[in-house]
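Asks: Residue numbers (our numbering): 7 to 542.
Ideal placement from N, C-alpha and C gives every residue a C-beta, glycine not left out.
The structure under discussion is supplied below as structure tokens; questions concerning it will follow.
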Amino acid sequence: MTSTTPANASHTEGPSTIGGVPGAPAVARAERLVRRVVGGADSAPVQMRAPFTGQPIATLPQATDADVRAVFDQAREAQRAWADRPVEDRQRILIRLHDLVLKRQEEALDLVQIEAGKARMDAFDEVSATALVAAYYGKHSAKILSPRRAAGLIPVLTKVGELRHPKGVVGIISPWNYPLALTAMDVLPALAAGNAVVQKPDNQTALSALWLQELAEEAGLPAGVWQIVLGRGSKIGDALVEESDYLCFTGSTPTGKGLAARVAERLTSYSLELGGKNPMIVLPDADVAKTAAGAVTACFSSAGQLCVSVERIYVHESIREEFTRAFVAKTAALRLGGALDYQAQMGSLTSEDQLATVSAHVEDARSKGAKVLTGGKARPDLGPLFYEPTVLTDVTEDVKLFAEETFGPVVSIYGYTDVTEAIERANDTKFGLNASVWSRNGRAGWEVAARLKAGTVNVNEGFAATFGTVGLPMGGMKESGVGRRNGAEGLLKYTEAQAIAVQRGMPLRPGKGIPPTLWAKSLSMSLKALRRLPRR
């Protein structure tokens, strides 16, 4: 396993480091961003630590239930004026935000690496995704939200239309694993639709959300339209659920189910992106070298802490040995490290909980006969949360990681002889978030993809083709979630549809002196005639 200089070589905090990681500008930036957090005067703060080193990054104020409810009151007031602005104005702010994100990307790259423990290329994936989202909704929101005409009940005499109104104040609970990209994907379309937002990012990666909020206001977003509160769900979750006009959550399936039940009591709506156990199917005609290289990215980006990363690989027996040999060699050659540069290809895990889960899953598999082909151990010599990218085989159904989400740099390889068998095994899970198919024949890959029960499927790619195409909807089937982000659906979910009809001339009930039987007969003849009209 190739490694770079240990991230924790020195824990001496000085003017050029933050969390023990070199990066002078990030020190002042972190202090400034923390001041943007709303509330927290009446509760104990929480200290963030850098995954690379375990050293302190920032001290974060924690909101109380009363703080959050007060923030929602302020957001409702700000939302009225924001919704009254033409959608074209909101679009222009998003375009300016797009430009600022790219111009100041070095700031974001440092922050994401320091607080999430990512390799810099994985941090750049977040920057590029954020820019793409801002550009998409900055260009297309007005068209998506524009009034829609439809055919009325009686042609010419019935004029109808559909309007879209913002929900009001959207509550967004964001995860720690993609703190910048997922903030953009959820917050920006909510704002474009005319809503205010109250966001609760995870404490561990709050700085990335605060940075994007700061840039949005610099781009012209009025203060108070997007507010950020911090705190544990057990402390402020009730306020978020009870005050939101729409709730957007990304996280675990059990937590998502609990939130859905709570929201249902209020008859408001929600979207959830939850867990996954994402499969990859390698067809017998796949290019082995390209597929092995693609699998490394699909499995180990962000140290496997990506909701759409691959954890199961099904390879046709005719190329299984060749693929496994190539994939293991490329995995073993990955460079691990924690410097703020592009040298390392994989960073660390983000929390002690994730390290514990990954270690437990691998040890459980090893104890039940699974073979570790590469990796399989923590790397405290590099930093407190580093774990080697790990490839397993001979994994049986009684092993935890066979069906449970690991959410770390661990993948299992399985063989198959029939494509239908591979599809059935890939679908044999309670999850259905993302999948991947590899073949030299694009049409064959598409046909297999269409049979997989997953919200997104990539052919000859792991996840980036769908993840980066913002015009496509992204979300899960089965227990992987409800609703979609991105695309038109990612914007319209934050709106209420309103139908308006204007009836002129002919009434829709018999007029004075017209027998009901004659009216019904005449209307029946009209309906038959309308059915014969050509579609428009």
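1) If you compare alpha carbons, which of Y143, P386 and V463 is closest to P100?
2) Pick out the complete beta strand (DSSP E) segments inside the stretch 356-438, 3 residues or longer, and give them in chain order.
3) Could you have a look at S530 and say whether DSSP puts it in helix, strand or coil?
4) Is the CB-CB distance between L227 and L197 below 8 Å?
5) Below 8 Å on the Cβ atoms is my contact criterion, and I expect E113 with A503 to pass it. Report the Cβ-Cβ distance as a whole number of Å.
6) Tell me which same chain residues have a C-beta within less than 6 Å of the C-beta of N14, skipping the five on either side of it?
7) Output the distance between the C-alpha atoms of A157 and W525, rounded to the nearest integer angstrom.
8) Residues bridged to A503 by DSSP?
9) From the DSSP output, in three-state form, read off I234 for me.
10) Below 6 Å CB to CB, which residues in the same chain sit around A199 once its five sequence neighbours on both sides are set aside?
11) Whole angstroms is fine: what's the gap from A298's alpha carbon to Y252's?
12) Starting from G300, follow the alpha helix (DSSP H) in both directions and report where the run begins and ends.
13) Is the stretch 418-426 touching the stretch 304-323 in the sense that three or more CB pairs, one from each, lie closer than 8 Å?
14) So which of R331, G281, L342 and A140 has the shortest CA-CA distance to E317?
15) Contact check, G300 vs E132 under 8 Å by CB: the rounded distance?
16) My assumption, with CB atoms under 8 Å, is that S418 sits in contact with T399. Please give the rounded CB distance.
17) Go ahead and label L533 buried or exposed: buried means 16 or more other beta carbons lie within 10 angstroms of its beta carbon, across all protein chains shown.
18) Can you list, in chain order, the residues of its chain whose CB lies under 7 Å from that of L103, leaving out five sequence neighbours each side?
19) How many angstroms separate the CA atom of S307 from the CA atom of A507?
20) To the nearest whole angstrom, what separates the beta carbons of Y393 and L340, a pair I think is in contact under 8 Å?
21) Can you name, in chain order, every residue of its own chain whose Cβ lies under 8 Å from the Cβ of D404, other than the five neighbours on each side?
22) Considering only the beta carbon of each residue, do G414 and A304 sit closer than 8 Å?
23) Any idea what DSSP makes of Q219, helix, strand or coil?
24) Mind checking G96: buried by the 16 CB within 10 Å criterion, or exposed?
25) Which class does L342 belong to by DSSP, given the choice of helix, strand or coil?
26) Under 8 Å Cβ to Cβ from P540, same chain only, skipping five residues before and after it: list those, please.
27) If we count the other Cβ atoms within 10 Å of its Cβ and call it buried at 16 or more, is N284 buried or exposed?
28) Less than 8 Å between the C-beta atoms of Q210 and M54, yes or no?
29) Have a look at T256 and A212 and give me their C-alpha separation to the nearest angstrom.
30) Can you give me the C-alpha to C-alpha distance between R82 and V193, rounded to a whole angstrom?
31) Just to check my reading of the structure: R372 and V378 have Cβ atoms closer than 8 Å, yes? What is that Cβ distance to the nearest angstrom?
32) Starting from Q53, follow its DSSP beta bridges and name the residues at the other end.
33) Using a 10 Å radius around the Cβ and a threshold of 16 neighbouring Cβ atoms, would you call L39 buried or exposed?
Replies: Reading from the atomic positions:
1) Reading the sequence as shown, one finds Leu at residue 100 and not Pro. Comparing Cα-Cα distances from L100 to each of Y143, P386 and V463, the minimum goes to Y143.
2) 377-380, 396-399 and 416-422
3) helix
4) yes
5) Not quite, the Cβ-Cβ distance comes to about 39 Å (not below 8 Å), so this is no contact.
6) At N14 the pLDDT is 43, less than 50, meaning the model places this residue with poor confidence; the figure from the coordinates comes in the next sentence. Correct list, in chain order: T59 and G389.
7) 22 Å
8) R170
9) strand
10) P172, L497, Y500 and T501
11) 42 Å
12) V294 to F306
13) yes
14) G281
15) Not quite, the Cβ-Cβ distance comes to about 20 Å (not below 8 Å), so this is no contact.
16) 7 Å
17) exposed
18) A140, L221, A222 and A225
19) 51 Å
20) With 8 Å as the limit, Y393 and L340 do not qualify as a contact, their Cβ atoms being about 12 Å apart.
21) K374
22) no
23) helix
24) The sequence shown places Arg at residue 96, rather than the Gly named in the question. With 16 or more Cβ atoms within 10 Å of its Cβ, R96 is classed as buried.
25) strand
26) none
27) buried
28) yes
29) 15 Å
30) 16 Å
31) 6 Å
32) T65
33) buried
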